[in-house]
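The opening residue of the sequence shown carries number 0 in numbering that gives the first Met the number 0; numbering runs sequentially from there.
Glycine included, C-beta positions come from ideal geometry on N, C-alpha and C.
Working notes, structure below.
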Amino acid sequence: MIVCGDDGLAHRLAVELRGVYGEQVTLVVPPSVRRVRQPVVGRARAASAALLDRFSAAVNRTGAGGAEPAANEQVVEAAEVTEAVLTEAGADRAAALALVYDDDETNIRAALTARRLNPRLRLVLRLYNRRLGQHIEELLDQTAAVASGTGPGTAGLDASTTVLSDADTAAPALAATALVGTSKVVQTEGLVLRAVERQPPRPGEVADPGLCTLALLSATSNDPAGADGSEGSGEQGPQLLPDEAAVASATGRGTVVLEQVSYSGPSLPSGRGSVPPFASLFSRRLRWSLAGLVGCVLALAVALMFVTGEHPLYATYVTLLDLFGINDPAFHESTGRQVLQLLSGLVGLLLLPVLLAAVLEALGTFRSASALRKPPRGLGGHVVLLGLGKIGTRVLTRLRELHIPVVCVESDPEARGMAAARRLRVPVVLGDVTQEGVLEAAKIHRAHALLALTSADTTNLEAALYARSVRPDLRVVLRLYDDDFATAVYRTLRAAHPFALTRSRSVSHLAAPAFAGAMMGRQILGAIPVERRVLLFAEVEVGGHPQLEGRTVGQAFRAGAWRVLALNTAPPGGRRGEGESPEEEGAPASGLVWDLPPTYVLGAGDRVVLAATRRGLAELLGRRRRERAGA
Numbered sequence: 000m001i002v003c004g005d006d007g008l009a010h011r012l013a014v015e016l017r018g019v020y021g022e023q024v025t026l027v028v029p030p031s032v033r034r035v036r037q038p039v040v041g042r043a044r045a046a047s048a049a050l051l052d053r054f055s056a057a058v059n060r061t062g063a064g065g066a067e068p069a070a071n072e073q074v075v076e077a078a079e080v081t082e083a084v085l086t087e088a089g090a091d092r093a094a095a096l097a098l099v100y101d102d103d104e105t106n107i108r109a110a111l112t113a114r115r116l117n118p119r120l121r122l123v124l125r126l127y128n129r130r131l132g133q134h135i136e137e138l139l140d141q142t143a144a145v146a147s148g149t150g151p152g153t154a155g156l157d158a159s160t161t162v163l164s165d166a167d168t169a170a171p172a173l174a175a176t177a178l179v180g181t182s183k184v185v186q187t188e189g190l191v192l193r194a195v196e197r198q199p200p201r202p203g204e205v206a207d208p209g210l211c212t213l214a215l216l217s218a219t220s221n222d223p224a225g226a227d228g229s230e231g232s233g234e235q236g237p238q239l240l241p242d243e244a245a246v247a248s249a250t251g252r253g254t255v256v257l258e259q260v261s262y263s264g265p266s267l268p269s270g271r272g273s274v275p276p277f278a279s280l281f282s283r284r285l286r287w288s289l290a291g292l293v294g295c296v297l298a299l300a301v302a303l304m305f306v307t308g309e310h311p312l313y314a315t316y317v318t319l320l321d322l323f324g325i326n327d328p329a330f331h332e333s334t335g336r337q338v339l340q341l342l343s344g345l346v347g348l349l350l351l352p353v354l355l356a357a358v359l360e361a362l363g364t365f366r367s368a369s370a371l372r373k374p375p376r377g378l379g380g381h382v383v384l385l386g387l388g389k390i391g392t393r394v395l396t397r398l399r400e401l402h403i404p405v406v407c408v409e410s411d412p413e414a415r416g417m418a419a420a421r422r423l424r425v426p427v428v429l430g431d432v433t434q435e436g437v438l439e440a441a442k443i444h445r446a447h448a449l450l451a452l453t454s455a456d457t458t459n460l461e462a463a464l465y466a467r468s469v470r471p472d473l474r475v476v477l478r479l480y481d482d483d484f485a486t487a488v489y490r491t492l493r494a495a496h497p498f499a500l501t502r503s504r505s506v507s508h509l510a511a512p513a514f515a516g517a518m519m520g521r522q523i524l525g526a527i528p529v530e531r532r533v534l535l536f537a538e539v540e541v542g543g544h545p546q547l548e549g550r551t552v553g554q555a556f557r558a559g560a561w562r563v564l565a566l567n568t569a570p571p572g573g574r575r576g577e578g579e580s581p582e583e584e585g586a587p588a589s590g591l592v593w594d595l596p597p598t599y600v601l602g603a604g605d606r607v608v609l610a611a612t613r614r615g616l617a618e619l620l621g622r623r624r625r626e627r628a629g630a
């Protein structure tokens with residue numbers, strides 16, 4: 000396996016491949032960047048940055064991400080991923096290549112070179128642009144198929160191309176973590192999974208399994224959504240994919256259950272949805288003025304009809320001519336007709352300023368609709384989101400999909416997510432979160448939760464500590480670069496504020512399992528964190544897997560490893576665009592069958608959706624590949 004990258008995701012992915020899947024890894028990194036730390040930006044204090052440096056150095060000396068490579072890891076230092084570098088790393092004989100640079104263009108250029116060197120190489124790309132990623136994926140798969148002589152669209156899994164985004168992979172978990180009691184959502188290519196954490200049952204009760212019990216939470220965790228459990232916490236830690244006996248005996252423990260498999264919330268507004276409705280173009284006072292003028296015109300038309308005896312339509316027409324001053328003077332008409340003409344002219348004079356006010360108000364409304372909105376007065380129960388970069392933009396979209404009120408704070412007016420905030424009509428406060436008064440402008444004292452997702456650990460930590468000083472019971476979610484540092488911050492904040500919910504998440508920790516799974520030859524659909532463990536959802540072809548082929552759904556289930564959730568009956572290769580949603584097309588998201596009976600026999604041609612642990616997926620597919628290579 001070859002991993003090329005310039006940030007922490009590459010190192011975390013290498014650790015995942017070595018430790019979980021037992022693979023030989025060649026890591027390609029820029030010179031002198033073996034130990035990468037997220038750059039501190041913004042108004043981070045020098046003392047805080049120095050403290051973070053010392054803490055990270057202490058962690059790295061004892062952790063897996065130290066300066067020295069592991070026994071089954073080779074490190075190649077290169078400023079650019081050229082053909083010579085890929086050849087030196089062994090791309091011509093490698094099984095898979097992951098390109099996880101932070102720049103989309105760098106990853107695409109390297110992928111095109113690698114596909115030319117080895118058409119059978121399995122590629123995993125990190126791209127933020129989802130629509131471009133879909134086209135690149137199709138192009139590289141077609142190139143591999145043509146080079147292998149099998150024809151377009153028939154390339155096997157060993158030469159597949161998978162495009163993933165760390166932002167998309169981590170965003171559902173970050174959004175759900177800020178909302179205790181709400182569901183965790185995984186959505187990829189039209190597939191929507193909804194998992195929800197349930198409170199521990201009372202003594203003597205059995206946890207409700209829902210559609211399917213995905214996990215049992217830690218027995219020692221104080222809060223039901225706690226993040227204290229890890230893979231090394233033993234029986235007291237979280238149990239992924241428990242069997243019926245474990246669920247029945249799990250009194251006093253919270254559960255993570257599969258509650259539904261389709262999104263039922265409101266759809267996101269489209270780009271045209273930012274146009275305000277007609278009623279909001281004019282103020283209430285202006286609408287009453289317009290209604291009064293219309294009433295005067297109708298009254299004058301009725302009076303003219305009685306005075307002259309004309310047809311109602313003709314009387315209305317004459318009244319409008321008098322109103323706009325384009326009718327002949329009524330010199331030789333009756334007195335009543337002359338009086339009505341004067342009154343119509345007076346109403347016409349009153350109409351001019353009202354029409355001018357209506358035009359100005361409409362223009363102002365359209366202009367404010369395209370500008371940044373401010374938090375409305377009396378706002379409460381919302382989520383304050385700090386940072387509108389790659390991660391923040393994806394999390395903002397997820398929160399709006401769940402119809403949750405959000406107030407964003409961003410220091411850069413040209414940030415990536417500003418356009419999305421305008422389109423979604425989300426209030427934004429421009430300013431540095433470390434400056435006094437910025438969080439107050441975002442109504443932090445009445446907020447439901449704080450999501451600190453800037454690119455600087457010290458900024459996120461400083462904002463969280465200040466928010467806690469304002470609201471000790473505020474729910475806080477921090478994006479921290481290093482997972483060990485995130486664990487230490489979480490434990491310290493929970494000890495200082497035992498009655499408040501605190502979460503610390505590392506994006507690379509949340510995204511690395513999905514990237515590693517794709518390198519092993521699977522289509523990873525998403526990941527759901529269960530405390531400090533990760534549960535993966537993958538689509539697997541049954542053929543060639545003795546653990547699945549010829550077995551019933553009940554027999555194929557292995558507690559703590561994998562579980563069959565659904566059968567995919569859609570034709571292979573029929574994918575939904577990354578930017579599309581099932582609500583926009585008005586059709587079901589996919590051909591998934593969820594109510595499979597335990598007696599259903601899995602055939603070689605079936606494709607199933609699995610919920611699995613990382614080690615379970617490694618056992619299911621990694622071992623088979625090595626046995627075939629050895630044969």
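State the Cα-Cα distance for the pair residue i and residue j, rounded to the nearest angstrom.
i, j, result
"R474", "V2", "36 Å"
"T551", "P597", "6 Å"
"E439", "P374", "11 Å"
"A569", "A603", "15 Å"
"A93", "L26", "12 Å"
"V58", "D101", "Residue placement at V58 cannot be trusted, given a pLDDT of 34 that sits under 50; the coordinates are not used to answer."
"E413", "L429", "11 Å"
"C295", "F305", "16 Å"
"A144", "M0", "21 Å"
"R644", "A170", "In the structure as shown, the chain starts at 0 and stops at 630, and residue 644 therefore has no counterpart that could be examined."
"A441", "V406", "6 Å"
"V705", "A494", "Not covered by the structure: residue 705. The range shown for the chain is 0 to 630."
"T396", "L96", "30 Å"
Going by beta carbon distance, what residues of the same chain come within less than 8 Å of residue i, once the five residues before and after it are set aside?
i, result
"A245", "L215, Q238, A558"
"G347", "D321, L322, F323, G324"
"P241", "T212, A214, L215, A249, A558, G559"
"H310", "M304"
Exposed or buried, what is residue i when buried is set at 16 or more other beta-carbons lying within 10 Å of its beta-carbon?
i, result
"I527", "buried"
"W561", "buried"
"F656", "Residue 656 cannot be examined here, being either before or after the span of the chain that is shown, 0 to 630."
"G4", "buried"
"Q198", "exposed"
"F638", "Lying before the first or after the last residue shown, residue 638 is absent from the chain, which here runs from 0 to 630."
"F514", "buried"
"R399", "buried"
"E104", "exposed"
"R286", "exposed"
"G132", "buried"
"D481", "buried"
"P328", "exposed"
"G236", "buried"
"D594", "exposed"
"G553", "exposed"
Since residue i sits in a beta bridge, which residues does DSSP pair it with?
i, result
"K384", "Per the sequence presented here, residue 384 reads as Leu, with Lys not at that position. Its beta-bridge partners are C407, L450."
"L239", "A214"
"W287", "In the DSSP output, where bridge partners are listed per residue, W287 has none listed."
"T503", "According to the sequence provided, residue 503 is Ser. The question's Thr does not apply to it. DSSP, once it has assigned bridges, lists L477 as partnering S503."
"V24", "E72"
"R562", "A610"
"R114", "In the DSSP output, where bridge partners are listed per residue, R114 has none listed."
"I443", "DSSP lists no partner for I443."
For residue i, which residues in the same chain have their Cβ closer than 7 Å to its Cβ, ignoring the five residues on either side in sequence?
i, result
"V432", "L385, V408, L438, T458, A462"
"H661", "With the chain running from 0 to 630 in the structure shown, residue 661 is simply not present."
"E548", "V541, G542, L601, A603"
"R415", "L387, G388, K389, T392"
"L85", "T112, A113, L116"
"R11", "S507, H508, A511"
Excluding sequence positions up to five away, which residues of its chain have a Cβ less than 6 Å from the Cβ of residue i?
i, result
"L492", "T501"
"R114", "L139, T142"
"L564", "V608, A610"
"E540", "R606"
"A300", "A314, T315, T318"
Assess, as a yes-or-no matter, whether the region 531-540 is touched by the region 592-611 under the definition of 3 or more beta carbon pairs within less than 8 Å.
yes
Can you find at least 3 beta carbon pairs, one from the region 387-400 and one from the region 328-344, that sit closer than 8 Å?
no
Is there contact between the region 502-512 and the region 486-493, where contact requires at least three CB pairs shorter than 8 Å?
yes
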